[in-house]
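In what follows, a single structure is set out as structure tokens and then discussed.
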Amino acid sequence: MKLIGMIWNFILNPQAGGGKALRFWQQLKPLLSQHNIKHHFHQTQYQGHAKVLSKELAEQGERAFVAIGGDGSVNELLQGIFESDCDLQEFVLTVAPQGTGNDWARYHHIPKSPNAWLEFLQAANVVEHDVGVVEYGDDFLQQHAFINMAGSGLDCHILQQMGCAGGKSLRYYSTLLSSLYGYQGRTLHFKRLDDSSSQDVARTVLLSMFCIGRYGGAGMDFSPKAHHQSGVLHAVCVEDMPFLKRLFSLPYLLNGKIEQHSRVQAETMRALLVAGEDTALFQCDGELIGELPARLTLRPCAIRVLTRR
Numbered sequence: 001m002k003l004i005g006m007i008w009n010f011i012l013n014p015q016a017g018g019g020k021a022l023r024f025w026q027q028l029k030p031l032l033s034q035h036n037i038k039h040h041f042h043q044t045q046y047q048g049h050a051k052v053l054s055k056e057l058a059e060q061g062e063r064a065f066v067a068i069g070g071d072g073s074v075n076e077l078l079q080g081i082f083e084s085d086c087d088l089q090e091f092v093l094t095v096a097p098q099g100t101g102n103d104w105a106r107y108h109h110i111p112k113s114p115n116a117w118l119e120f121l122q123a124a125n126v127v128e129h130d131v132g133v134v135e136y137g138d139d140f141l142q143q144h145a146f147i148n149m150a151g152s153g154l155d156c157h158i159l160q161q162m163g164c165a166g167g168k169s170l171r172y173y174s175t176l177l178s179s180l181y182g183y184q185g186r187t188l189h190f191k192r193l194d195d196s197s198s199q200d201v202a203r204t205v206l207l208s209m210f211c212i213g214r215y216g217g218a219g220m221d222f223s224p225k226a227h228h229q230s231g232v233l234h235a236v237c238v239e240d241m242p243f244l245k246r247l248f249s250l251p252y253l254l255n256g257k258i259e260q261h262s263r264v265q266a267e268t269m270r271a272l273l274v275a276g277e278d279t280a281l282f283q284c285d286g287e288l289i290g291e292l293p294a295r296l297t298l299r300p301c302a303i304r305v306l307t308r309r
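Note that the sequence shown ends on residue 309 in the UniProt record's numbering; no numbers are left out.
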């Protein structure tokens with residue numbers, strides 16, 4: 001797909017990154033004009049507005065989108081496109097990383113400064129990218145897409161503690177440390193749906209992540225082997241453990257050796273069912289979405305993105 005002549009739709013969350021997303025746009029806008037980059041600008045007015053905007057724009061024929069914000073902003077745009085009547089493969093999606101974690105941007109080596117980002121836009125590779133879909137609610141009739149990772153457990157607890165306002169990555173890590181002490185592991189049931197011989201497996205887990213990308217939680221290396229075109233979900237299940245062992249295990253989340261930990265189970269699959277014995281939430285790309293049970297499936301090469309990988 002050629003990017004020359006493409007009209008980019010920039011969707012800005014002015015609250016992202018504590019206001020730095022808006023400052024980024026103010027610096028980028030004149031650069032786009034100087035380099036004759038065709039674009040439209042849209043600013044969100046409320047939580048969830050990016051999803052409404054991207055759906056409307058997709059149905060009006062727009063095909064190239066830039067989220068100015070973080071992983072949550074990307075997810076909102078993706079969900080809007082997903083809910084439209086359009087084929088995901090027609091779209092190109094990227095991000096100007098100005099949010100809290102920027103984990104999807106980290107995976108694709110997307111820069112943060114306006115000048116460097118403009119160079120990225122002009123020179124990046126356009127590649128196909130897997131998309132995950134979570135089905136949940138009554139009779140699994142509700143659907144939510146994700147492009148980086150979904151999960152349940154400690155990650156959802158941290159998001160609850162931080163609230164809708166989110167915050168900087170430092171706040172995420174401080175909330176993580178406090179949650180390591182107080183959070184109680186949940187018993188979850190897992191069943192592969194892409195293997196007829198698969199049995200229901202119950203585990204008391206601290207964290208369960210289902211990854212397309214590698215990074216989550218403001219820089220944690222959850223799935224070093226994950227790849228955006230692997231055609232499978234990389235499932236990482238961290239079994240519950242006492243507080244001190246939790247604390248001393250933190251380096252495994254940062255050094256790319258998480259699968260070497262004795263309490264970590266890692267495998268790949270195309271579809272699975274996850275259920276909780278008690279009320280348990282799940283998240284998509286760092287956004288709390290709903291309650292388990294949920295079915296997760298992988299759609300290979302479902303959308304196009306920009307990358308330096």
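Quick reminder that beta carbons are idealized off the backbone N, C-alpha and C, glycines included.
DSSP on leucine 254, reduced to helix/strand/coil? Leucine 254 falls in the coil class under three-state DSSP.
With distance defined between alpha-carbon atoms, name the residue in Pro300, Gly69, Gln60, Ala64 nearest to glutamine 43. Looking from the CA of glutamine 43, the closest CA among Pro300, Gly69, Gln60, Ala64 belongs to Gly69.
Reference valine 126, options Ala116, Glu119, Val92, Gly137, closest by Cα: Ranked by how close their Cα comes to the Cα of valine 126, the residues Ala116, Glu119, Val92, Gly137 have Val92 in first place.
Residues of its chain near glycine 185, where Cβ-Cβ distance is below 7 Å and the 5 sequence neighbours each way are ignored: In its chain, beyond the 5 residues on either side, Thr204, Val205, Leu206, Asp240 have a beta carbon closer than 7 Å to the beta carbon of glycine 185.
Alpha-carbon spacing of glutamate 62 relative to aspartate 195, whole angstroms: Approximately 39 Å between the Cα atoms of the pair.
Keeping to the same chain, check which residues put their C-beta closer than 7 Å to that of leucine 176; ignore five residues upstream and five downstream. Here the set comprises Ile158.
List the DSSP bridge partners of glutamate 279. The identity of residue 279 in the sequence shown is threonine, whereas the question assumes glutamate. Beta-bridge pairing links threonine 279 to no other residue.
If you draw a straight line from the alpha carbon of serine 84 to that of serine 113, how long is it in whole angstroms? Approximately 32 Å, taken between the alpha carbons.
For asparagine 115 versus leucine 22, is the C-beta distance shorter than 8 Å? In this structure, leucine 22 does not lie closer than 8 Å to asparagine 115 by Cβ.
Taking lysine 257 as the reference, which of Leu53, Ala275, Arg214, Asp278 has the closest Cα? The shortest Cα separation from lysine 257 among Leu53, Ala275, Arg214, Asp278 belongs to Arg214.
Three-way DSSP call (helix, strand, coil) for valine 232 in this model: The three-state reading of DSSP puts valine 232 in coil, since its state is none of H, G, I, E or B.
Ends of the alpha helix (DSSP H) at tyrosine 107? Judged by DSSP secondary structure, tyrosine 107 falls within the alpha helix (DSSP H) whose first and last residues are 103–107.
What's the gap between the Cα of glutamine 34 and the Cα of alanine 226? Glutamine 34 and alanine 226 have their C-alpha atoms roughly 38 Å apart.
Taking its Cβ as the centre, do 16 or more other Cβ atoms sit within 10 Å of tyrosine 46, making it buried, or is it exposed? That one is exposed.
In angstroms with no decimal places, state the Cα-to-Cα distance between valine 274 and tyrosine 173. C-alpha of valine 274 to C-alpha of tyrosine 173: approximately 27 Å in a straight line.
Going by beta carbon distance, what residues of the same chain come within less than 6 Å of glutamate 135, once the five residues before and after it are set aside? Closer than 6 Å at the Cβ level, and outside the excluded window around glutamate 135, lie Gln143, Arg295.
In or out: histidine 108 buried (at least 16 other Cβ within 10 Å) or exposed? Buried: at least 16 other Cβ atoms inside 10 Å.
What's the call for isoleucine 289, buried or exposed, on a 16-neighbour Cβ count within 10 Å? So isoleucine 289 ends up on the buried side.
Where the alpha helix (DSSP H) through glutamate 56 begins and ends: Taken as a continuous stretch (DSSP letters only), the alpha helix (DSSP H) holding glutamate 56 covers 49–59.
For isoleucine 7, report the span of its beta strand (DSSP E) as first-last. No beta strand (DSSP E) contains isoleucine 7, which DSSP labels as neither H nor E.
Where does lysine 38 sit, in a helix, a strand or coil, going by DSSP? In the structure shown, lysine 38 sits in coil (DSSP, three-state: anything other than H, G, I, E or B).
Can you round the beta-carbon distance between valine 74 and aspartate 278 to whole angstroms, since I take them to be within the 8 Å contact cut? Distance from valine 74 to aspartate 278 at the Cβ level is roughly 31 Å; contact not present, criterion being Cβ atoms closer than 8 Å.
For methionine 220: DSSP bridge partner residues: Answer by DSSP bridge pairing, in chain order: Gly216.
Look at alanine 280 and leucine 272 and say whether their C-beta atoms are less than 8 Å apart. Taking 8 Å as the cut-off, the Cβ atoms of alanine 280 and leucine 272 do not count as close.
Below 8 Å on the Cβ atoms is my guess for histidine 129 versus isoleucine 303; work out the distance and round it to an integer in Å. Contact holds; Cβ gap of about 5 Å.
Same chain only: Cβ atoms within 8 Å of asparagine 255, ignoring 5 sequence neighbours per side: Its chain contains Asp221 as the residues whose beta carbon lies nearer than 8 Å to that of asparagine 255, once the 5 sequence neighbours on both sides are disregarded; these appear in chain order.
Can you grab the Cα-Cα spacing for the pair leucine 121 / histidine 228, in whole Å? Whole-angstrom Cα-Cα distance: 19 Å.
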